[in-house]
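The UniProt record's numbering puts the sequence shown at residues 477 to 733.
Don't be surprised by glycine CBs; every beta carbon is placed ideally from N, CA and C.
For clarity, every value in this text was computed on a predicted model and none was experimentally measured.
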Amino acid sequence: RKLADNLAVALLADEIDIVLQPQVRISTMQHEGFEALLRWKCEGEAIPPQEIVAIAEGHHLGLQLGDAVISRACRAHAQMQALGFKAGRLAINVTTAQLRDSEFSRRLIQLSGDFGLSPEDLCVEITETTLLDRALEIITANLEDLHEQGVLIALDDFGTGYASLTHLKRFPVDVLKIDRSFIMHMTPGSDDAAVTEAMINLARTLHIEVVAEGVETSEQYAMLREMGCDLAQGYLVSRPVPPSGLAGYLSTTTKSE
Ligand code: G
Ligand code: G
Ligand code: MN
Ligand code: NA
Numbered sequence: 477r478k479l480a481d482n483l484a485v486a487l488l489a490d491e492i493d494i495v496l497q498p499q500v501r502i503s504t505m506q507h508e509g510f511e512a513l514l515r516w517k518c519e520g521e522a523i524p525p526q527e528i529v530a531i532a533e534g535h536h537l538g539l540q541l542g543d544a545v546i547s548r549a550c551r552a553h554a555q556m557q558a559l560g561f562k563a564g565r566l567a568i569n570v571t572t573a574q575l576r577d578s579e580f581s582r583r584l585i586q587l588s589g590d591f592g593l594s595p596e597d598l599c600v601e602i603t604e605t606t607l608l609d610r611a612l613e614i615i616t617a618n619l620e621d622l623h624e625q626g627v628l629i630a631l632d633d634f635g636t637g638y639a640s641l642t643h644l645k646r647f648p649v650d651v652l653k654i655d656r657s658f659i660m661h662m663t664p665g666s667d668d669a670a671v672t673e674a675m676i677n678l679a680r681t682l683h684i685e686v687v688a689e690g691v692e693t694s695e696q697y698a699m700l701r702e703m704g705c706d707l708a709q710g711y712l713v714s715r716p717v718p719p720s721g722l723a724g725y726l727s728t729t730t731k732s733e
């Protein structure tokens, strides 16, 4: 199909883009890091990231796309570090298909190392469906290897899927990202506020760090602070920033050395 052909060409031409959305530590309001988000326009039309991933995986381009995102994100991170900024941790979304490759862990460390990043600079974001996959042995081996080397493992979109509490104990999950559908409708006394607080308390019990996604208002931020949530990501902090805008963003939030 046309989209798949264009995507294959874009991958060869290194035309896959990313934007980076900042995360801040709620208690101090200090910059903590970025999540890399895929962006690609086909003939002027922006294709949603999940659709890009689905097209790629339907045409044996999934690993190539994944590597392109990793390279782009690490390049942007390395450029910030070279300019004297503390870019912080770099979170990258990773699919089940990527983690089914027994070489994934080794390749991520290698690729990011080529850009001067160490494992401690990285966070791998997975979704709950990855933990329910049939190829669980390879996936678990990849996650455990990454975790042991110092890469953080984050469970994305938490609360929307079918992962159970046992998954949090069975897998090396370091970070929980509470899905923005909970944060969006969170008003004092609401069910969503109660559920969010319960997820935060659960994570704390298991010594897992919590990120709230889709934080748009200072009211939500204040409630999350009250609940003991660790990190916030969302339009209140910043929209996703293209690599060309990172220095500008970091110069207003952190001190260079
Ligand atoms: O950036 P946006 O809000 O449109 O992202 C929509 C969804 O696509 C999010 O759930 C996000 O996790 C996912 N996504 C964004 N970038 C990537 C990527 O590089 N790889 C994968 N697998 N998913 C991504
Ligand atoms: O599922 P994931 O968290 O990886 O996707 C993040 C997506 O959510 C990004 O595409 C980003 O553009 C979008 N997003 C980030 N912050 C906000 C926000 O505060 N409000 C809304 N509505 N969307 C957001
Ligand atoms: Mn994500
Ligand atoms: Na999400």
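Bridge pairing for F510: P498, L566 [DSSP]. The DSSP-derived three-state label of V545 is helix.
With fewer than 16 other Cβ atoms from the protein chains shown falling within 10 Å of its own Cβ, P524 counts as exposed.
Proximity to L641 across I659, K562, M675 peaks at M675, based on C-alpha coordinates.
Residue pairing for C518: DSSP places it in a beta bridge opposite E521.
Boundaries of the alpha helix (DSSP H) harbouring A573: 572–575, taken from the DSSP string. For L593, the closest of R515, I492, M556, Y725 by C-alpha to C-alpha distance is M556. Relative to ligand 3, D621 has its C-beta separated by 7 Å or more from all heavy atoms. The alpha carbon of A698 has as its nearest neighbour, out of I502, D597, L722, L598, the alpha carbon of I502.
Using a Cβ distance threshold of 8 Å, I492 and L541 count as a contacting pair. Selection T605, A512, H661, I629 evaluated against H553 yields A512 as nearest (Cα-Cα). Each residue's CA atom was taken as its position, placing R680 and I568 some 23 Å apart.
For L641, the enclosing alpha helix (DSSP H) starts and ends at 641–646. The criterion of a C-beta distance shorter than 8 Å is not satisfied by L612 and P648. Rounded to the nearest whole angstrom, the C-alpha separation of T672 and M505 is 20 Å. V651 is a Cβ neighbour of C599, given a cutoff of 8 Å. Look at F561 here: in three-state DSSP terms it is coil, with no helix or strand label.
Per DSSP, the unbroken beta strand (DSSP E) holding V651 starts and ends at 651–654. Contact annotation: I602 and D577 have beta-carbon atoms that are not nearer than 8 Å. The DSSP-derived three-state label of E533 is helix. V627 carries a coil assignment under DSSP once its states are collapsed to helix, strand and coil. A check of alpha carbon separations from R551 across L587, Q526, I659, E533 identifies L587 as the nearest. Listed in chain order, the non-local C-beta contacts of L537 below 8 Å within the same chain comprise A480, L483, A484, L487, I531, local neighbours out to five positions each way being set aside. In the DSSP secondary-structure assignment, L707 is bridged to R501, V687.
Here the C-alpha atom of G560 lies approximately 10 Å from the C-alpha atom of L726.
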